[in-house]
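In UniProt numbering, the protein residues as written are 1 to 179.
Ideal placement from N, C-alpha and C gives every residue a C-beta, glycine not left out.
These figures come from a predicted structure and were not determined experimentally.
Here is the structure we will look at, set down as structure tokens.
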């Protein structure tokens with residue numbers, strides 16, 4: 001579980017879809033405030049603290065400004081991305097297994113038609129996932145505290161499924177460059 005709360009550091013509510021302008025604005029303001037050149041005459045301890053805060057600011061910005069990193073960060077903060085605990089619905093795992101089997105077939109017989117069909121199938125699955133999770137992501141920060149655990153579980157399932165599909169898309173991209 002990450003120790004630092006980047007949302008609190010940026011004075012923002014925890015959200016899967018935070019105000020991007022507010023993130024950027026806070027990053028630039030803190031970058032100026034914690035720039036080491038402005039603290040060159042401070043004591044070594046104070047310089048070290050400023051350096052730590054500058055690093056924290058950079059890490060917060062990298063995390064909060066990227067949707068995938070932000071999602072993983074929020075899930076980690078809530079203890080929902082533990083290694084080895086990635087249970088997903090059996091029907092999804094079966095669909096992924098079928099896609100992977102078709103990918104293995106492409107290893108032996110590079111068929112552009114099959115590549116195209118697989119890309120279409122993966123894109124359709126991805127679209128369905130994204131369409132289904134969008135209302136949850138958009139409303140998360142407005143939910144009452146007792147409703148958030150269920151929403152986080154939905155986001156966790158989405159995140160894990162998306163990772164599977166991204167690996168398949170990466171493999172498909174390799175086949176597409178061979179054709």
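Going by other Cβ atoms of all chains shown within 10 Å of its Cβ, with 16 needed for buried, is residue i buried or exposed?
i, result
"residue 174", "exposed"
"residue 57", "buried"
"residue 21", "exposed"
"residue 30", "buried"
"residue 156", "buried"
"residue 16", "buried"
"residue 7", "buried"
"residue 51", "exposed"
Under 7 Å, do residue i and residue j count as touching if we go by C-beta distance?
i, j, result
"residue 64", "residue 23", "yes"
"residue 99", "residue 168", "yes"
"residue 195", "residue 158", "Not covered by the structure: residue 195. The range shown for the chain is 1 to 179."
"residue 60", "residue 140", "no"
"residue 86", "residue 160", "yes"
Give me the Cα-Cα distance between residue i and residue j, rounded to the nearest whole angstrom.
i, j, result
"residue 80", "residue 12", "21 Å"
"residue 27", "residue 107", "46 Å"
"residue 62", "residue 55", "11 Å"
"residue 3", "residue 71", "16 Å"
"residue 97", "residue 154", "22 Å"
"residue 119", "residue 135", "25 Å"
"residue 170", "residue 77", "28 Å"
"residue 33", "residue 132", "41 Å"
"residue 73", "residue 66", "10 Å"
"residue 82", "residue 38", "40 Å"
"residue 112", "residue 123", "16 Å"
"residue 48", "residue 5", "20 Å"
"residue 121", "residue 25", "40 Å"
"residue 172", "residue 68", "21 Å"
"residue 151", "residue 145", "10 Å"
"residue 104", "residue 36", "53 Å"
"residue 116", "residue 127", "16 Å"
"residue 40", "residue 18", "34 Å"
"residue 109", "residue 102", "10 Å"
"residue 46", "residue 53", "10 Å"
Relative to the ligand MN, is the shortest distance from any of its heavy atoms to the C-beta of residue i smaller than 6 Å?
i, result
"residue 75", "With respect to small molecules bound, the structure shown includes none, and the ligand MN cannot be examined in it."
Does the beta carbon of residue i come closer than 7 Å to any beta carbon on chain D?
i, result
"residue 134", "In the structure shown, chain D cannot be found, because there is only a single protein chain."
Report task. Please specify which runs of the beta strand (DSSP E), each continuous and at least 3 residues long, are wholly inside the region 41 to 68, giving them in chain order. Result -> none
Query raised in the report: Any chance the region 90 to 109 sits against the region 162 to 169, with 3 or more Cβ pairs inside 8 Å?
Result: yes
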